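At the far end of the sequence shown sits residue 1143, using the working numbering, and the numbering has no gaps.
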Amino acid sequence: MTDTTTIVDRIALGLSGALFVLGIVVMGVLELLAGKPYSPVPLTNDAGDVIATPLIDPTLRTGIVIAALLVLAVWGAYKLVTPMATDAADRAEMTAD
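Here's what the structure looks like:
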């Protein structure tokens, strides 16, 4: 079987993978290293004063992960509308013995 990935495929998969790793792993490790609070909401005391906030805004992390999903969706749409390569479309049929 031949490899039918193009430069567009590699760029799309690399970009979406990098965005996933940045949004989930890298920013998650930064949140852990920053210390408490480990929740995405600000931490308050009994009086209602905010005593701790997360290091990275959860909206930013969510936006990066959604951007990665959008890159994959656009790449998938691109793969649907572009024709297959001729070498991939011309495959010989073989019967199982």
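Built from N, CA and C at the ideal position, the CB exists for glycine as well. None of the values given here were measured: they were computed from a predicted structure.
Anyone know if the C-beta pair for residue i and residue j falls short of 8 Å?
{"i": "E1077", "j": "I1102", "result": "yes"}
{"i": "G1060", "j": "V1111", "result": "no"}
{"i": "P1104", "j": "P1088", "result": "no"}
So who's on the other strand from residue i, going by DSSP bridges?
{"i": "V1096", "result": "T1090"}
Measure how close the beta-carbons of residue i and residue j come, nearest whole angstrom, since I'm counting them as under 8 Å.
{"i": "S1062", "j": "A1123", "result": "Not a contact, Cβ separation roughly 13 Å."}
Apply the 10 Å Cβ neighbour rule to residue i and answer buried if 16 or more other Cβ atoms are within range, or exposed otherwise.
{"i": "G1109", "result": "exposed"}
{"i": "M1073", "result": "buried"}
{"i": "A1058", "result": "buried"}
{"i": "L1065", "result": "buried"}
{"i": "M1047", "result": "Only weak support exists for where M1047 lies, its pLDDT of 44 falling under 50; the coordinates are left without a value."}
{"i": "R1056", "result": "exposed"}
Under the three-state reduction of DSSP, which class applies to residue i: helix, strand or coil?
{"i": "V1055", "result": "In the sequence under discussion, the amino acid at residue 1055 is Asp, which differs from the Val named in the question. Of the three classes helix, strand and coil, the one that applies to D1055 here is helix, per DSSP."}
{"i": "P1104", "result": "helix"}
{"i": "T1085", "result": "Here residue 1085 turns out to be Ser, not Thr, going by the sequence shown. Coil at S1085, not helix or strand."}
{"i": "M1047", "result": "Residue placement at M1047 cannot be trusted, given a pLDDT of 44 that sits under 50; the coordinates are not used to answer."}
{"i": "M1073", "result": "helix"}
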